[in-house]
Amino acid sequence: MEPNMHSDLPAGVHPFTALLPEVVLDAVESLGVYSDGRLLALNSYENRVYQVGLEDGGPVVVKFYRPGRWSVDAILEEHAFTQSLAELEIPVVAPSVMGGKTLHQHGIFHFAVFPRRGGRAPELQDPETLTWLGRFLGRIHAVGASAPFRSRITLDRQTYGVAPSDYLWTHDFIPADLRPAWRSVIDLALGGVARAFERAGDVATIRLHGDCHGGNVLWTDDGPHFVDFDDTCMGPAVQDLWMLLSGSRAEMTGQLCDVLDGYQDFADFDPRELHLVEALRTLRLIHYSGWLARRWDDPAFPVAFPWFNTQRYWQDRILEMREQIALMDEPPLVWR
Numbered sequence: 001m002e003p004n005m006h007s008d009l010p011a012g013v014h015p016f017t018a019l020l021p022e023v024v025l026d027a028v029e030s031l032g033v034y035s036d037g038r039l040l041a042l043n044s045y046e047n048r049v050y051q052v053g054l055e056d057g058g059p060v061v062v063k064f065y066r067p068g069r070w071s072v073d074a075i076l077e078e079h080a081f082t083q084s085l086a087e088l089e090i091p092v093v094a095p096s097v098m099g100g101k102t103l104h105q106h107g108i109f110h111f112a113v114f115p116r117r118g119g120r121a122p123e124l125q126d127p128e129t130l131t132w133l134g135r136f137l138g139r140i141h142a143v144g145a146s147a148p149f150r151s152r153i154t155l156d157r158q159t160y161g162v163a164p165s166d167y168l169w170t171h172d173f174i175p176a177d178l179r180p181a182w183r184s185v186i187d188l189a190l191g192g193v194a195r196a197f198e199r200a201g202d203v204a205t206i207r208l209h210g211d212c213h214g215g216n217v218l219w220t221d222d223g224p225h226f227v228d229f230d231d232t233c234m235g236p237a238v239q240d241l242w243m244l245l246s247g248s249r250a251e252m253t254g255q256l257c258d259v260l261d262g263y264q265d266f267a268d269f270d271p272r273e274l275h276l277v278e279a280l281r282t283l284r285l286i287h288y289s290g291w292l293a294r295r296w297d298d299p300a301f302p303v304a305f306p307w308f309n310t311q312r313y314w315q316d317r318i319l320e321m322r323e324q325i326a327l328m329d330e331p332p333l334v335w336r
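Each residue of the sequence shown is one higher than the last, beginning at 1 in this note's numbering.
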């Protein structure tokens, strides 16, 4: 992490406040290309992402990384991973090399330029679509298992459970009258996560996409391509599989079989990891609340998530955790 990247800003001023349109265009033109002035903000909250029109050629997508979140080494690991996948013709959107580099700096901001790739959401209820996605995830994981990350996090009980829940607790996000109930249910949930990992045993930890939901897969007539590796991390392979599943237990079992039909063509899957599905879902839910809390000083967040940190929000989270506690104690999904 680089907490001093924006120390020259006035106290209380969020760094993204300084990312004005002229700053975006100046950053792009600092790479020796010229914009035609067309600028479109794309849907992103963690970072700031823009489509920028160029005088010579089609538009590009420019991502400005949130200052202080990732170290330069961690961002470069993300870039190197996606580039290695692209070199093997695995359909991912990797950053462009410009001036011999993929990561650039303009003022307080680090940024990268990506080719623009369109597409639509995948039809995750279609068995053929799931098998197709499984094949490409198997290829991604085969590369991911070949070497570890050195600078990025490992998705586990500590990073996605203990750390965000501690942040919520110590920064007084939980309403006073709900604090005892919330603390109790979080402790029980984290205990359930620990038991799930114990049941799974010593499963492999590999490089992952990390946030492989339907919104990060774009589909064209030629098939899928994977975007937004911003949350790439070390973790169990099933992390990139379970978010493709939805519905009843029977429906998720069928979807899992479809995904693994393709996945197993390129990578082995350890069925012990199925013990982790609900535990990983639990960690994601806790992490999401912590993510919103840590970003609450960003002016974009209260506008985009007005329901966060209300009495109703925390009441719903308590009920959600109680449901997850029960689900983690149920038998895992069965494959084969």
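Just so it is clear, CB atoms sit at the ideal spot from N, CA and C, and this is done for glycine as well. Computed from a prediction, not measured in an experiment: that's the story for all the values here.
Note: F114 is bridge-paired with V61 in the DSSP secondary-structure output. Residue environment: R336 is assigned as exposed (fewer than 16 neighbouring CB atoms within 10 Å of its CB, all protein chains considered).
Of the candidates P306, T82 and D202, the residue whose Cα lies closest to the Cα of P271 is D202.
Restricting attention to Y167, A293, L218 and P236, the CA atom closest to the CA of P148 is found in P236. Rounded to the nearest whole angstrom, the CA to CA distance from F226 to L218 is 6 Å. Beta bridge pairing from DSSP links Q105 with H110. Per DSSP, the continuous beta strand (DSSP E) segment holding R38 begins and ends at S35 to A41. Taken atom to atom, the span from the alpha-carbon of H141 to that of R135 is near 10 Å. Taking C-beta atoms as the reference points, V60 and L39 fail to come closer than 8 Å. Per DSSP, W132 is one residue of the alpha helix (DSSP H) stretching across P127 to G144.
For W314, the enclosing alpha helix (DSSP H) covers residues Q311 to M328.
Distance from the CA of F229 to the CA of T131, rounded to the nearest whole angstrom, comes to 21 Å.
Rounded to the nearest whole angstrom, the C-alpha separation of A176 and V52 is 46 Å.
Bridge partners of I206 according to DSSP: G235. Nearest to E320 by C-alpha distance, out of Y167, L103, G138 and A279, is A279. Here the C-alpha atom of A189 lies approximately 14 Å from the C-alpha atom of D166. If you ignore the 5 residues before and after G192, its C-beta comes within less than 6 Å of the C-beta of I325 and M328, all in its own chain and listed in chain order. Beta-bridge partners assigned by DSSP to H225: L218.
Separation of the CB atoms of Y45 and V62 is rounded to 16 Å, and the pair is thereby denied contact status at 8 Å.
A direct Cα-Cα distance of roughly 15 Å separates S248 from R281. Secondary structure at R272: helix, using DSSP grouped into helix, strand and coil.
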